[in-house]
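Participant:
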Amino acid sequence: MHYIDDIRLFFDNLVGSIASAGCIWFCAWAIRRKGELDYPLDLPAKIIRWVAVAILMGIPANFPELPINTARILIFGGIAFLAWPNFAYHLTRFLRWCRLLPAAGPVAPDGPQHLQM
47 MHYIDDIRLF FDNLVGSIAS AGCIWFCAWA IRRKGELDYP LDLPAKIIRW VAVAILMGIP
107 ANFPELPINT ARILIFGGIA FLAWPNFAYH LTRFLRWCRL LPAAGPVAPD GPQHLQM
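Sequential numbering of the sequence shown, starting at 47, is according to my numbering.
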């Protein structure tokens, strides 16, 4: 039963970390939206994005005894995936290239032509 409390505490700390990075996300979102810079993310890419954010930002928030340089690198990586979802797109493409994920389905016909592969 105490594992449930640990999981709840982990997510409470994670939500606090993501909320504090919200201003960075909002600024990046405005730039990405105005410039139409985002690649379309399919479901595996969205899952990879949010799992990366949860892991990279959750570990430093819940383990304060980490060396400061390690914590900074993890937090920076989490903010990168949060603010710029193209990182998840490229990571998903790499995992598909390595054949760790199944091939992507067809690209939606209403997407921008320069983003299609």
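Ideal Cβ placement from N, Cα and C applies to all residues, glycine included.
#1: Using DSSP with H/G/I as helix, E/B as strand and the rest coil, what is Trp-130?
#2: Which ranges does the alpha helix (DSSP H) cover as unbroken runs of at least 4 residues, wholly within the stretch 58-84, from first to last along the chain?
#3: Shorter than 8 Å from the beta carbon of Asp-51 to some beta carbon of chain C?
#4: Can you give me the Cβ contacts of Ala-117 inside the same chain, cut-off strictly under 6 Å, excluding the 5 residues immediately before and after it?
#5: Within 10 angstroms of its Cβ, does Gln-162 collect 16 or more other Cβ (buried), or is it exposed?
#6: Where does Met-163 sit, in a helix, a strand or coil, going by DSSP?
Facilitator: Judging by the given coordinates:
#1: Taking the sequence shown and counting its residues from 1, the one referred to as residue 130 is at position 84. In the structure shown, Trp-130 sits in coil (DSSP, three-state: anything other than H, G, I, E or B).
#2: 68-81
#3: No chain C is present in this structure, which holds just one protein chain.
#4: The count along the sequence shown starts at 1 and reaches residue 117 at position 71. Cβ neighbours of Ala-117 beyond the five flanking positions: Pro-106.
#5: Looking up residue 162 in the sequence shown gives position 116. Note on Gln-162: pLDDT 47, under 50, position unreliable in the model; the coordinate value appears next. By the neighbour-count rule (16 or more Cβ atoms within 10 Å), Gln-162 is not buried but exposed.
#6: Taking the sequence shown and counting its residues from 1, one reaches residue 163 at position 117. The predicted position of Met-163 is uncertain, since its pLDDT is 46 and thus under 50; a value taken from the coordinates is nonetheless stated next. The answer is coil: DSSP assigns Met-163 none of H, G, I, E or B.
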